[in-house]
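Numbering (the numbering used here), first residue to last: 7 to 171.
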């Protein structure tokens, strides 16, 4: 069982638009030394922010926090947080970027490591929202966000044909 009862698919276009909107907000708060992306979800937003904000210094903090609830299934069960690679310093002058803040578990641990970083996410849920400095879109806690890198295009049965079966 997962705590998610709603599904929120995000297209590449929507993600790009929202990451650009985040860039506009962050530009006003700079200048910035660089960006630290939280892997893996922060990698694509980091690339967009770097381009839009003309930032060339990029680092990563590599973590694992979600596991699949079944073999080959969606990684939508939050487990123990493991830091695979950290970064030096306290984050002063850096944007710490992730795709979303959900329960706040990852954000809380990374904030301890980089307390002076400006934490930004594209999406925020109520439980994690107080832990980020800047975000674009709030979604309900019971919503699973499906990012474009987690989806592929497949055939969809027409609605009329679904009713026949």
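Built from N, CA and C at the ideal position, the CB exists for glycine as well.
The model shown is predicted, which means the values in this text are computed figures rather than measured ones.
Which listed residue (the options) has its alpha carbon closest to that of residue i
i, options, result
"residue 100", "123, 112, 89 and 118", "123"
"residue 96", "160, 116 and 138", "116"
"residue 21", "93, 105, 45 and 91", "105"
"residue 102", "144, 86 and 50", "50"
"residue 98", "167, 36, 52 and 128", "36"
"residue 17", "121, 126, 157 and 118", "157"
"residue 40", "47, 155, 23 and 62", "62"
"residue 32", "48, 11 and 58", "58"
"residue 154", "89, 163, 168 and 46", "46"
"residue 4", "162, 125 and 167", "Residue 4 falls outside the range modelled here, since the chain spans only 7 to 171, and no answer is possible."
"residue 94", "119, 114, 19 and 52", "119"
"residue 92", "86, 114 and 66", "66"
"residue 60", "26, 90 and 121", "26"
Simplified DSSP assignment, three categories, for residue i
i, result
"residue 149", "strand"
"residue 13", "strand"
"residue 21", "helix"
"residue 78", "Because the pLDDT at residue 78 is just 49, under 50, the model does not fix this residue reliably, and the point stays unresolved."
"residue 156", "helix"
"residue 66", "strand"
"residue 3", "With the chain covering 7 to 171 only, the question about residue 3 has no answer from this structure."
"residue 115", "helix"
"residue 94", "coil"
"residue 162", "coil"
"residue 46", "coil"
"residue 144", "strand"
"residue 33", "helix"
"residue 120", "coil"
"residue 89", "strand"
"residue 61", "coil"
"residue 139", "coil"
"residue 104", "strand"
Beta-carbon separation (whole angstroms), residue i vs residue j, contact threshold 8 Å
i, j, result
"residue 64", "residue 29", "Not really, about 14 Å apart at Cβ, beyond 8 Å."
"residue 69", "residue 44", "6 Å"
"residue 15", "residue 148", "That belief does not hold up - the Cβ atoms of residue 15 and residue 148 are roughly 16 Å apart, past 8 Å."
"residue 13", "residue 152", "6 Å"
"residue 129", "residue 143", "5 Å"
| Do the stretch 107-116 and the stretch 127-134 meet, that is, are 3 or more Cβ pairs less than 8 Å apart? | yes
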